[in-house]
Amino acid sequence: PRPSLSRSGRLGGAAGMSRHSKHSNDRSHFTHKERVDAGFAGTRKDVLGTECFLPFGHCALSLKCPKDPVCTPDGWIFDREYILESLLRQKVELHAEAKKYEEQEARKARQGKADEQDRELQELEDFRRADQGLMSQDDRHKKALARAAPVGLDDGPEQKKLRKGELLVVDKAQMREKSFWTASSTPSAAPAELKKVDTVAKCPMSGKKLRAKDLMSVKFEISDQRMYDGGGGRGVFCCAVSKDPITHQQAVVIKPSGIVVLESLLEGCVFKDMVCPVTGKKLKGKEDVLKLQQGGTGFASHNETQAKSFSFIRSGQGDARTQQGHLPRAGFCGLH
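Just so we're aligned, residue 1088 is where the sequence shown starts under this note's numbering, counting upward by one.
Structure below.
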C-alpha cells in the first residue's frame, strides 16, 4: 500500500524519513563505528602458537639454554652470567638515582635554610622601622620617604617623558626576556621532583626483590645433546628419574642437590624416604622442594594463548600478516 499523504502534501510517518537521518552517517567526519567497520581503529585478536612461548629450562633473559643454570625463589630460570649482570646494572642505576635524590633533598634543605634567614632578616627590618616610627600612616611621612628615596631603588621602570617629535626607544632584549612566543627566552618549568628510590634489585620477571645469594644452582639432565649444542629447543631437558622430556609438565628442583624431577614422582621417589633419588642427600621437609616455571604451549589449558593488538591506522602489509590466520614465527610481530 502507498504511504498516506498529509495535508501539506508530504509523506507522513516513519516511512518519510531518509536513511541518512536513521543511521546518522551523513556527518563531515568519520565516527568510531564507521572507522571500525572500515578496518581502522580496531582491536585484532590472534591465537599464539607453541613457538611463541619460551621452552622449559631456557634462560628468561638470553632466551637460550643456560650454561650455568640458576633459579629464583619464584621458580624462574636464568643463566648465572645474565642474571648477575642484570642485578649489577640495576644496582648501578638505582644508586645513581638515589644519589640524585639525596642531592635534591640537600638542595631543598639549603633553600629552606636561606628562606628562613631571609624571613628573620625581614622581621628584624620591620621591627626596626616600626620602632623608629617610619611605618606611620601620616601622609607627610610617605611624601618625605618618596622624595628621599633614590631613583635607582624604585621597583618600577623610570618613565621618561618624550619631547615633541622624539621617538620612543624600545629595548627588544628586555622585551624578549619573558616573552611566551620566544622559545629561547621562555622561562622553563621547574624540574620534576624526584621520589625516594629503593636501592634493592628486583627479579626481571616477577618484579620481587632478589639478591645474588637467593639464587639456587640447578642441574639439568640433557635428553638431546645435539639440540642442546644447537641452542636448545622444546624437550631438550628431561627428568632425572624417569628420563621423560620436560615440555609443559610441572617440574620441581630439589634444593639440597639441585636435581630436577617431575612433580608426579615426588610422592613415590622423594617424599617416601625424604632423600634425593639421585644423590641421596636428605631433605629437611617439603620446603626443600621448589616448583619451577612451566614451559609454554599453544593449548589454552596450560597458559594464556590469546594476544590482542589495537591500531589506529590500517596498512596493507598489516592486513597481509593478520589474514594468514596465525602469527608468524617472530611471535608478537604478527600483530600491528
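Quick reminder that beta carbons are idealized off the backbone N, C-alpha and C, glycines included.
Close beta carbons around residue i, own chain, < 6 Å, minus the five adjacent residues each side
i, result
"D1241", "Reliability fails at D1241, whose pLDDT of 47 lies under 50, so the model's placement of it is uncertain and no value is given."
"G1199", "none"
"K1378", "G1162 and V1339"
Simplified DSSP assignment, three categories, for residue i
i, result
"L1171", "helix"
"A1387", "coil"
"D1166", "strand"
"V1256", "coil"
"C1325", "strand"
"V1179", "helix"
"K1429", "Outside the shown range of the chain, which is 1088 to 1423, sits residue 1429, and nothing can be said about it."
"V1287", "coil"
"K1282", "coil"
"K1251", "coil"
"K1200", "helix"
"K1330", "coil"
"K1187", "helix"
"K1195", "helix"
"Q1261", "helix"
"L1148", "coil"
"Q1209", "helix"
"G1425", "The structure shown does not extend to residue 1425, since the chain is modelled only from 1088 through 1423, so no value can be given for it."
"F1143", "coil"
"F1214", "helix"
Cβ-based neighbour list, residue i, same chain, cut-off 7 Å, excluding 5 preceding and 5 following
i, result
"Y1315", "C1152, I1309 and V1323"
"E1253", "none"
"G1243", "Below a pLDDT of 50, predicted positions are generally treated as unreliable, and G1243, at 49, falls in that range; the measurement from the model is reported next regardless. Nothing meets the Cβ criterion."
"V1287", "K1296"
"K1368", "P1343, S1344 and V1362"
"V1365", "A1327, S1344 and I1346"
"F1307", "G1144, P1156, F1324 and V1347"
Alpha carbon of residue i to alpha carbon of residue j, nearest angstrom
i, j, result
"S1388", "K1195", "55 Å"
"T1384", "P1332", "14 Å"
"D1311", "C1325", "9 Å"
"K1395", "M1292", "21 Å"
"F1267", "D1202", "29 Å"
"C1363", "C1146", "25 Å"
"F1397", "T1130", "4 Å"
"K1154", "G1320", "14 Å"
"P1188", "E1280", "As written in the sequence, residue 1188 is Tyr, which differs from the Pro given in the question. Taking the straight line from one Cα to the other gives about 9 Å."
"D1360", "V1347", "17 Å"
"E1207", "A1183", "37 Å"
"T1269", "M1262", "10 Å"
"S1149", "K1371", "34 Å"
"L1135", "D1161", "25 Å"
"A1276", "V1123", "40 Å"
"D1214", "A1185", "Contrary to the premise, residue 1214 reads as Phe rather than Asp in this sequence. Between F1214 and A1185, the C-alpha separation is close to 43 Å."
"A1299", "L1174", "8 Å"
"D1034", "E1180", "The first residue shown for the chain is 1088 and the last is 1423, placing residue 1034 beyond what the model contains."
"E1121", "K1289", "46 Å"
"Q1191", "E1210", "29 Å"
"R1284", "E1172", "Per the sequence shown, the amino acid found at residue 1284 is Val instead of Arg. About 20 Å."
"F1117", "G1382", "45 Å"
"Q1219", "E1212", "11 Å"
"Q1380", "T1159", "10 Å"
"G1144", "G1318", "12 Å"
"C1356", "Q1393", "37 Å"
"T1137", "S1115", "46 Å"
"A1260", "Q1204", "34 Å"
"D1375", "I1341", "6 Å"
"S1351", "R1313", "28 Å"
"N1390", "P1142", "13 Å"
"V1257", "K1265", "15 Å"
"G1294", "S1271", "42 Å"
Neighbourhood of residue i by C-beta, 8 Å cutoff - its chain only, sequence neighbours within 5 removed
i, result
"V1157", "I1164, F1165, D1166, R1167, I1170, L1302, M1303, S1304 and V1305"
"L1349", "C1326, V1328, S1329, D1331, I1333, Q1336, Q1337, A1338 and V1339"
"K1373", "F1358"
"K1178", "T1286 and A1288"
"V1282", "Checking the sequence shown, residue 1282 turns out to be Lys, not Val. For K1282, where only same-chain residues beyond five positions count, the Cβ hits under 8 Å are Y1188."
In DSSP terms, what residue i is bridged to
i, result
"Q1393", "V1134"
"D1304", "What sits at residue 1304 in the sequence shown is Ser, not Asp. Note: S1304 sits in a beta bridge opposite V1157."
"V1339", "V1348 and K1378"
"I1309", "F1324"
"P1364", "Partner(s): none; P1364 has no beta bridge."
"K1296", "K1289"
Residue i: first and last residue of the uninterrupted alpha helix (DSSP H) it sits in
i, result
"K1120", "H1119 to D1124"
"R1313", "Q1312 to D1316"
C-beta neighbour in chain D for residue i, strict 9 Å
i, result
"F1140", "Any reference to chain D falls outside this structure, which holds one protein chain only."
Cβ-heavy atom distance, residue i to the ligand ATP, below 8 Å
i, result
"M1303", "Within the structure as shown, the ligand ATP is missing, as the structure has no ligands at all."
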